[in-house]
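Residue 2 in full-length UniProt numbering sits at position 2 of the sequence shown; the count goes up by one each step and never skips. Think of the CB as a built atom: it goes at the ideal place given N, C-alpha and C, for glycine as much as any other residue. For reference, the structure discussed in these notes is given below.
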Amino acid sequence: MNHEHEDHRHETVSVTEKEDLLGLIHMRFGSVPDDIKEKIMAIGDLDVLDRLFLIAVNAANWDVFVSELNEGKNSFKMVGDGFDPLAEINKRDE
1 MNHEHEDHRH ETVSVTEKED LLGLIHMRFG SVPDDIKEKI MAIGDLDVLD RLFLIAVNAA
61 NWDVFVSELN EGKNSFKMVG DGFDPLAEIN KRDE
C-alpha cells in the first residue's frame, strides 16, 4: 500500500469540496452561521470532510450536526435517533 498517496490525499481538500459541504448543510438546516463556515473552511483532512458529509446527510437536526463538527477528527458514531434524518418528522407526526 502506498502511504505517501494516502498522506497526500489528506492534504488535498479543496475549497470546492468545503463549499459543497456548506451547500449541503444550507439545504438541510438553513442559514449557516459564520463560525461554522470558518470551522469547515479550516478543515484540512479529507477523511474529516467525508465524515461531515455523512453526518450532514444523516443528522436528525442541526444540534446533532454541530455536536459532531465539534467532536473533531476522531469521532465516528452514527447511531440512534440523532442520525435518523426522519426522526424529527416522525416526532411531529406522533
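Pairing L21 with I40 gives a Cβ-Cβ distance under 8 Å. The C-beta distance from E68 to I55 rounds to 5 Å, short enough to meet the 8 Å contact threshold. The three-state reading of DSSP puts D45 in coil, since its state is none of H, G, I, E or B. Per the coordinates, the alpha-carbon of G44 lies some 15 Å from the alpha-carbon of N70.
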